[in-house]
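According to our numbering, the residues represented by the first sequence are 22 to 704, in order.
For each residue, glycine too, the CB sits at the ideal point set by N, CA and C.
Below: one structure, written as structure tokens.
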Amino acid sequence: MKNNIKYLVTAALPYANNYVHIGHVAGAILPPDIYVRFRKLKNDDVIFICGSDEHGTAIEMASILEKVTPQEIIDRYHFSNKKAFEDLGIRFDIFSRTSSEIHKVTASEFFLNLYNKKLLYQKTEKQLYSEKEKRFLADRFISGTCPVCGFEEARGDECENCGSNLSPLELINPRSKITGDTPVEKETTHFYIPLADYQEKLSEWLSEKKNWKANVINYCKGWLKSGLRDRAVTRDLDWGVKVPVKGNDGKVIYVWFEAPIGYISMTKEFFIGKNEPEKWKEYWSGKDSRLIHFIGKDNIVFHSIIFPSMLMAHGGFNLPYNIPANEFLNIGGRKFSKTRGNAILLRDIVQKFNPDVVRYTIASIFPENKDSEFTWEDLQAKNNNELASILGNFVNRTVVFAKSKFGNVIPEFPDSGSHMKENGILEHIKSKADAVADNIENFRFRDALSEAMDAVRSANKYFNDSEPWKLIKDDKEKCSAVINTCLEICHSLAILFEPFLPFTSDKILHILDKDTSGLKWENIGKRVLKSGTALGENSILFPQIEDSTVKELNLKYNIGIDPGNSPVNVEDTNNMNVISIEDFHKVKLRVAKVLKCEIVPGSKKLLRLKLKVGDTEKQIVSGISEHYKPEEIEGRLIIIADNLKPSKIMGIDSEGMLLAAKKGGKLKIVTVDGDIEDGAEVN
RNA sequence: GCCGGGAUAGCUCAGCUGGUUAGAGCGUCGGAAUCAUAAUCCGCAGGUCGGGGGUUCAAGUCCCUCUCCCGGUACCA
């Protein structure tokens, strides 16, 4: 049933200084894709907007550190992320970027609108300025000695040693992180938006939002309660949208102000591409239009407080209808972290697995109410026990049956006879679809998915209870009705699962030799197939995922290594924690002689080493076979951590760890300078 | 320090304004079936709902307190 509402759905703009990981996907990308796909199946008027957020200090910093242009940085991540989203089946109507011309114009106009209405004011402040680089230094470009604890590598915004929040001006001996020179204090003038002016209107507006998620409302209340502070909307930086007011050279619009305007400019761009350059206004200003922002919880303030304030200040735009923010997806009990090497990048995971398996796994653990936990074991279990066993198997057993017993065509559904059960199961699938729809409309995607899976369970039950393998022997007509119905169910499932598993949905249609003309939500539970149609080639929808794959991935992503037991917990290679000599002595390093070395069969990079350490022999498993052949290591002296807690890697005991130096894909094992007896202590 | 959120079966999580024997999926175990990727279906078992105290006829659900985890934010400088 089509309604008159226009849905303008946005996904949080990924920042183009990194590859997106599955945490982003779980928080802000996949939920809207499911939502939008569902709306489209219902023939609702919906558009799905996203793109890269490409300005700001972090990108400029990255470009300086890598000695490339900012353009190279953003191109790298923009195109890679775009491709990764496509591979996952995320179907944006547009995935653009904030470096586009239309965005710069739109953001400038927005800024000028506020400026001309005198809704911004200017204020002069002291900031640190590097005379050598001829630029003001952003907080994160500065390090210095912490005035609180004396830590010498404190950052401009906070001290990682004592946790104090700092302003760069407080640092003792501040220096530029780029050149190392000492900056000076210099005055600079910036535009500010007085957010407090919008506090009352915001409170009023938010108090009407009865159906928003509690976590979002709570968050907003907290901010409003403590009072909104004015925020600078410009800053001294090269990389960004220039401030469109004379006398502001070297200043750009602050990225927090400019980026959300990207939603607007990208909508414009989308309709320009469709030759309807004015139509974007219907979505942003129309009476029956609903703006829905899908974001992660880190973005709640911007979307529920700051951007709405901006929209109020500007006027003429709808405020967000809903902001179904998700919490965070963790891995191994910890947050995704680049430095720990445990971030699972979208580009990697879609290469390794069927994207629908990734979609299913993530959707089933969406952090809708609280942070949730991703494990590879989970992905394997969801694939093997749910997708393969329940869904894949239902389709397969039905199709294989039709092929072998009905000559590879869709058998007839006879007019005669009673078909209570046959019609009943289709009605039941339909009622499940209603439950799925209700859940999706209310942003309860996990529940929606589990309802959909329930529909397949009942389909399997129908198959079992009908016992077609018996009917084929003594009541072929009834059997025909059953298998026909099961194939119809397959078609219904293709629709029902399309929002979650679009690739699988497609495959099922192929197997049924059906085009997408019937792919409408209203067709769920209806009989739409033509009997006599030859079935397409059947394929296994979800091949099993082996244990060895899971172990390999756990190793690769450093999962399962107990952080509490490691004596030295290195948080960040740039900023190493200081440890005592006692801490160091906890690690017993010894020289070991490699007696025998062999590749661990089935592994990607594991070697099994038999070692002689003084009087004892031990075995370790090490992930270095991409760098060393077994014969290169045999007979050599290496250094091992001797008293490491033993562990099993791919079922093989490992009683230590060899030392190796690693940088940028290169790896060299640590050895000794000359000959010495194995077992010798290293310190 | 202060504010907010979290701690529920082996695992991942639901439990709205307090109300009959605390739920689901997966896993485990038992049974049925054999068309199907040994895939299905049915059933049993599993929790003193982080600890302690309180309010109430009744608390996972409200109040107090403690422990641990995660966010946000202030000051001392």
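Which value, in whole angstroms, describes the spacing of the CA atoms of A701 and K631?
Residue numbering aside, residue 701 sits at position 680 when the first sequence is read from its first letter. Residue numbering aside, residue 631 sits at position 610 when the first sequence is read from its first letter. Near 17 Å, if we compare the C-alpha coordinates of K631 and A701.
Who are the Cβ neighbours of A49 in its own chain at under 6 Å, not counting the five residues just before and after it?
Locating residue 49 in the first sequence gives position 28, where the first residue counts as 1. The answer, listed in chain order, is A32, A33, F315, I316, G317.
So, using beta-carbon positions, are D663 and R629 closer together than 7 Å?
Start at 1 with the first residue of the first sequence, and residue 663 comes out as number 642. Start at 1 with the first residue of the first sequence, and residue 629 comes out as number 608. Against a cut-off of 7 Å, the Cβ pair of R629 and D663 comes out as no contact.
Based on DSSP bridge pairs, tell me the residues matched to M678.
For the purposes of this step, residue 678 is taken as the residue at position 657 of the first sequence. Per DSSP, A662.
Please state whether DSSP places Y40 in a helix, a strand or coil.
Walking along the first sequence from the start, residue 40 turns up at place 19. In the structure shown, the three-state DSSP call for Y40 is coil.
Starting from the Cα of T200, find the closest Cα among V615, K153, P388 and give me that residue.
Counting from one through the first sequence, the residue named residue 200 turns up at place 179. Of V615, K153, P388, the residue nearest in Cα terms is K153.
What are the start and end residues of each continuous alpha helix (DSSP H) run of 4 or more residues lying completely inside the stretch 299-378, in chain order?
301-306, 328-335, 367-373
Consult DSSP for Q401 and reduce its assignment to one of helix, strand or coil.
For the purposes of this step, residue 401 is taken as the residue at position 380 of the first sequence. Q401: helix per DSSP, three-state reduction.
Minimum length 3: unbroken beta strand (DSSP E) runs contained in the stretch 189-222:
193-197, 205-214
Near I94, what residues of its chain come up, given a Cβ to Cβ distance below 8 Å and the 5 sequence neighbours on each side ignored?
By one-based count along the first sequence, residue 94 stands at place 73. A37, N38, I80, A83, S84, E87.
Short check: CB of G177 to CB of P189, under 7 Å?
Position 156 of the first sequence, counting from 1, holds the residue named residue 177. Position 168 of the first sequence, counting from 1, holds the residue named residue 189. Yes, these two residues count as a Cβ contact at 7 Å.
Going straight from the alpha carbon of A515 to that of L216, what length do you get?
The residue given as residue 515 occupies position 494 in the first sequence. The residue given as residue 216 occupies position 195 in the first sequence. Distance between the alpha carbons of A515 and L216 is about 48 Å.
Give me the Cβ distance between I326 and L249, rounded to the nearest whole Å; I'm assuming they're in contact under 8 Å.
Counting from one through the first sequence, the residue named residue 326 turns up at place 305. Counting from one through the first sequence, the residue named residue 249 turns up at place 228. About 7 Å separates the two Cβ atoms, so the contact holds.
Relative to the C-alpha of L576, which residue among L533, R467, F116, S643 is closest?
Mapped onto the first sequence, residue 576 falls at position 555. The option with the nearest alpha carbon to L576 is S643.
What residue range is occupied by the uninterrupted alpha helix (DSSP H) comprising D699?
What you label residue 699 is simply residue 678 of the first sequence in a count that begins at 1. No alpha helix (DSSP H) contains D699, which DSSP labels as neither H nor E.
K147 bridges to which residues according to DSSP?
Within the first sequence, residue 147 is the residue found at index 126, counting from 1. Answer is E208.
When DSSP builds the beta bridges, which residues end up paired with I274?
Counted from its first residue, the first sequence places residue 274 at position 253. Per DSSP, T255.
Does the ligand PLP have even one heavy atom less than 6 Å from the beta-carbon of D160?
The ligand PLP is not part of the structure shown, which contains no ligands of any sort.
Classify V420 as helix, strand or coil using the three-state DSSP reduction.
In the first sequence, residue 420 corresponds to position 399, counting from 1. In the structure shown, V420 sits in a helix (DSSP, three-state: H, G or I).
Kindly list the residues whose CB is nearer than 7 Å to the CB of E303, restricted to its own chain and excluding five residues on each side of it in sequence; keep chain order.
As a position in the first sequence, residue 303 is number 282, starting the count at 1. So the list reads K27, S310, once near-sequence residues are dropped.
Rounded straight-line distance, which links the Cα of A681 to that of F172:
Along the first sequence, one-based indexing puts residue 172 at 151. Along the first sequence, one-based indexing puts residue 681 at 660. Distance between the alpha carbons of F172 and A681 is about 30 Å.
Would you give the residue range spanned by the beta strand (DSSP E) that V30 belongs to?
To locate residue 30, count along the first sequence from 1; it is residue 9. V30 -> beta strand (DSSP E) spans 27-32.
Using the C-alpha atoms, what's the distance from Q565 back to F132?
Looking up residue 132 in the first sequence gives position 111. Looking up residue 565 in the first sequence gives position 544. Straight-line Cα distance between these residues: approximately 54 Å.
In this structure, does DSSP put C71 in helix, strand or coil?
Here the question's residue 71 lines up with position 50 in the first sequence. For C71, the three-state secondary structure derived from DSSP is strand.
To the nearest angstrom, how far is it from the Cα of A402 to the Cα of R380?
Counting from 1 along the first sequence, the entry for residue 402 is found at position 381. Counting from 1 along the first sequence, the entry for residue 380 is found at position 359. The alpha-carbon of A402 is positioned some 14 Å away from that of R380.
Would the stretch 245-259 and the stretch 275-282 be scored as touching if the rule is three or more Cβ pairs under 8 Å?
yes
Report buried or exposed for W490, applying the criterion of at least 16 other Cβ atoms within 10 angstroms of its Cβ.
Numbered from 1 along the first sequence, position 469 holds the residue referred to as residue 490. When all chains shown are included, W490 counts as exposed.
If you run the structure through DSSP and keep just helix, strand and coil, what is Y578?
Here the question's residue 578 lines up with position 557 in the first sequence. Note: Y578 maps to coil in three-state DSSP.
Among L562, T692, D377, S538, which has the Cα closest to the Cα of I661?
Residue mapping note: residue 661 aligns to position 640 of the first sequence, counting from 1. The shortest C-alpha separation from I661 is found at T692.
Buried or exposed: Q372, going by 16 or more other Cβ atoms within 10 Å of its Cβ?
As a first step, residue 372 is located in the first sequence; it is residue number 351 there, counting from the start. Exposed, because fewer than 16 other Cβ atoms sit within 10 Å of the Cβ of Q372.
Output the boundary residues of the beta strand (DSSP E) element that contains K115.
Position 94 of the first sequence, counted from the start, is the residue given in the question as residue 115. Correcting the residue type first, residue 115 is Ile in the shown sequence and not Lys. Here the beta strand (DSSP E) through I115 covers 115-118.
Among all the DSSP beta bridges, which residues are the ones paired with L610?
Taking the first sequence and counting its residues from 1, one reaches residue 610 at position 589. Answer is A662, V703, bridged to L610.
Out of K528, T203, T554, state which residue places its alpha-carbon closest to the alpha-carbon of F563.
Mapped onto the first sequence, residue 563 falls at position 542. Residue K528 is the option with its Cα nearest to F563.
Bounding residues of the beta strand (DSSP E) (the contiguous stretch that carries E394)
Here residue 394 refers to the residue found at position 373 when the first sequence is read from its first residue. Residues 393-395.
What is the DSSP secondary structure of R156, reduced to helix, strand or coil?
In the first sequence, residue 156 corresponds to position 135, counting from 1. In the three-state reduction of the DSSP assignment, R156 falls in the strand class, which pools E and B.
Hey, how far is the Cα of M474 from the Cα of P341?
As a first step, residue 474 is located in the first sequence; it is residue number 453 there, counting from the start. As a first step, residue 341 is located in the first sequence; it is residue number 320 there, counting from the start. For M474 and P341, the distance between alpha carbons rounds to 32 Å.
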